[in-house]
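A.B. asks: Sharing a structure with you now.
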Amino acid sequence: MNTLTEPTRPTVADFHRTNRGGGLFSESVSQWIGAALATVAHRLGLRPTALTIANLILGLTTSVLVVVLAEPVAEGRVPAWVVGLVALVGWQLAYALDCADGQLARVTGQGSPAGARVDVLCDVAAQIALVAALTATAVAQSPSTPAWLVTAFAGTWMVNLVTSVMQAGPNAASMVTSTSLLVRLVKLIRDYGAVIFAAALVLFLAPGLTLWLIVAFTVINGGFLLASIAFAARASLR
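In our numbering, the protein residues as written are 4 to 241.
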């Protein structure tokens with residue numbers, strides 16, 4: 004007598020196994036949260052794009068709240084830890100949803116060029132809002148913040164996103180291929196999960212340091228851009 008058994012549902016570990024990395028923090032924290040979200044989404048019958056849109060909505064909402072509350076925090080009318088906590092939870096959960104949509108697409112075979120384009124466009128929109136939130140806080144805390152610094156910070160911030168998209172193609176290349184723990188720890192400065200955790204921590208503990216935070220990110224991302232140009236130019240001349 005034949006018995007029918009229910010197909011095995013993919014587990015959290017199955018989803019996490021398909022993650023595309025992102026760095027030590029992202030792989031250890033964000034991708035696991037994403038895998039849990041992907042598991043729930045699969046059981047609810049949601050498509051990957053639904054998670055992408057949820058990431059956008061949550062990311063935008065969190066950043067808008069940080070922008071709106073930047074002045075009240077600077078004036079002492081709203082406790083900094085409240086905004087920092089909102090940023091910490093909101094940005095991390097939004098990023099986990101960004102991790103989850105890709106995992107869900109790969110495990111269920113629902114990936115598509117259109118879905119990939121939506122994912123990139125939503126990432127751009129969410130990161131523009133994040134930059135606006137950090138610059139609004141910096142200016143509220145330090146009104147003399149120069150316009151050129153804000154512009155440089157906003158421009159160089161997108162270097163990570165652009166290089167990530169470039170590395171996803173068939174001609175991807177990495178300047179540092181070592182996977183040693185020391186190298187991975189150094190690379191945390193470019194791990195998006197770690198970066199937004201550090202940014203939220205500054206908003207939570209010491210929003211007055213946000214100006215120096217954007218100075219640091221401008222230097223790091225600007226330096227990486229120059230290094231990437233030199234690396235690509237050298238490869239093209241071989």
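Cβ coordinates follow ideal geometry from the N, Cα and C atoms, glycine included.
1. Note down the Cα distance separating A44 from L96, rounded to an integer number of angstroms.
2. Output the distance between the C-alpha atoms of V86 and F200, rounded to the nearest integer angstrom.
3. Using 8 Å as the threshold, is the C-beta distance between L137 and I217 below it?
4. Could you check how far apart the C-beta atoms of Q34 and C125 are, in whole angstroms? I think they sit under 8 Å.
5. Find out if the Cβ-Cβ distance for the pair P51, Q144 is shorter than 8 Å.
6. What is the DSSP secondary structure of S31, reduced to helix, strand or coil?
7. Hey, how far is the Cα of Q106 from the Cα of E78?
8. Under 8 Å, do L214 and A99 count as touching if we go by C-beta distance?
9. Of the choices W151, I223, R109, A203, whose alpha-carbon is the least far from that of T42?
10. Along the chain, where does the alpha helix (DSSP H) containing V76 start, and where does it finish?
11. What residue from I60, S115, R20, A119 has the CA that sits closest to L133's CA?
12. Please classify W151: is it buried, with 16 or more other beta-carbons within 10 angstroms of its beta-carbon, or exposed?
13. Quick check on the burial criterion: 16 or more other C-beta atoms within 10 angstroms. Buried or exposed for S31?
14. Looking at the unbroken alpha helix (DSSP H) that takes in R193, where does it start and where does it end?
15. Indicate whether A90 and V69 have their beta-carbon atoms separated by less than 8 Å.
16. By the three-class DSSP mapping on this structure, what secondary structure does A90 have?
17. Between V15 and D122, what straight-line distance do the alpha-carbon atoms span, to the nearest angstrom?
18. Quick check: the Cα distance between S183 and A73, rounded to an integer number of angstroms?
19. Classify L124 as helix, strand or coil using the three-state DSSP reduction.
20. Whose C-beta lies closer than 7 Å to the C-beta of D17 among residues of the same chain, with five residues either side of it excluded?
21. Does the distance from the CB of D104 to the CB of T64 come in under 8 Å?
22. Could you check where the alpha helix (DSSP H) with N224 kicks off and where it finishes?
23. Whole angstroms are fine: how far does the CA of A235 sit from the CA of V153?
24. Among the candidates A209, L204, P210, V198, whose CA atom is the shortest distance from the CA of T221?
C.D. replies: A quick look at the data gives this:
1. Translated into positions along the sequence shown, residue 44 becomes position 41. Translated into positions along the sequence shown, residue 96 becomes position 93. Each residue's alpha carbon lies about 14 Å from the other.
2. Here residue 86 refers to the residue found at position 83 of the sequence shown. Here residue 200 refers to the residue found at position 197 of the sequence shown. Going from the Cα of V86 to the Cα of F200 covers about 13 Å.
3. By one-based count along the sequence shown, residue 137 stands at place 134. By one-based count along the sequence shown, residue 217 stands at place 214. Cβ atoms of L137 and I217: closer than 8 Å.
4. Taking the sequence shown and counting its residues from 1, one reaches residue 34 at position 31. Taking the sequence shown and counting its residues from 1, one reaches residue 125 at position 122. In fact, because the Cβ distance is near 18 Å, the residues do not count as touching under 8 Å.
5. To locate residue 51, count along the sequence shown from 1; it is residue 48. To locate residue 144, count along the sequence shown from 1; it is residue 141. No. Outside cutoff.
6. One-based indexing of the sequence shown puts residue 31 at position 28. Note: S31 maps to helix in three-state DSSP.
7. What you label residue 106 is simply residue 103 of the sequence shown in a count that begins at 1. What you label residue 78 is simply residue 75 of the sequence shown in a count that begins at 1. If you take the alpha carbons of Q106 and E78, they lie about 43 Å apart.
8. Residue mapping note: residue 214 aligns to position 211 of the sequence shown, counting from 1. Residue mapping note: residue 99 aligns to position 96 of the sequence shown, counting from 1. The answer is no: Cβ separation not under 8 Å.
9. What you label residue 42 is simply residue 39 of the sequence shown in a count that begins at 1. Nearest C-alpha to T42: R109.
10. The residue labelled residue 76 in the question sits at position 73 within the sequence shown. Note, V76: alpha helix (DSSP H), 51-77.
11. Residue 133 sits at position 130 when you count from the first residue of the sequence shown. Closest by alpha carbon: I60.
12. As a first step, residue 151 must be located in the sequence shown, where it is residue number 148. Burial call: exposed.
13. Indexing the sequence shown from 1 puts residue 31 at position 28. Classification for S31: exposed.
14. The sequence position of residue 193 within the sequence shown is 190, counting from 1. First-last for R193: undefined, no H or E at that position.
15. Residue numbering aside, residue 90 sits at position 87 when the sequence shown is read from its first letter. Residue numbering aside, residue 69 sits at position 66 when the sequence shown is read from its first letter. Yes.
16. Taking the sequence shown and counting its residues from 1, one reaches residue 90 at position 87. Assignment of A90 by DSSP, reduced to helix, strand and coil, places it in the helix class.
17. Mapped onto the sequence shown, residue 15 falls at position 12. Mapped onto the sequence shown, residue 122 falls at position 119. V15 and D122: Cα-Cα distance of roughly 21 Å.
18. For the purposes of this step, residue 183 is taken as residue 180 along the sequence shown, with counting starting at 1. For the purposes of this step, residue 73 is taken as residue 70 along the sequence shown, with counting starting at 1. Taking the straight line joining both Cα atoms gives about 40 Å.
19. In the sequence shown, counting from the first residue as 1, residue 124 sits at position 121. If DSSP states are grouped into helix, strand and coil, L124 belongs with the helices.
20. Here residue 17 refers to the residue found at position 14 of the sequence shown. Within its own chain, the residues whose Cβ lies closer than 7 Å to the Cβ of D17, once the five positions on either side in sequence are excluded, are V110, listed in chain order.
21. Residue 104 sits at position 101 when you count from the first residue of the sequence shown. Residue 64 sits at position 61 when you count from the first residue of the sequence shown. No, Cβ-Cβ distance for D104 and T64 is not below 8 Å.
22. Taking the first residue of the sequence shown as position 1, residue 224 is located at position 221. Its alpha helix (DSSP H) spans residues 213-239.
23. In the sequence shown, the residue the question calls residue 153 occupies position 150. In the sequence shown, the residue the question calls residue 235 occupies position 232. Cα to Cα, the separation comes out at about 27 Å.
24. The residue given as residue 221 occupies position 218 in the sequence shown. Ranking A209, L204, P210, V198 by Cα distance to T221 puts V198 first.
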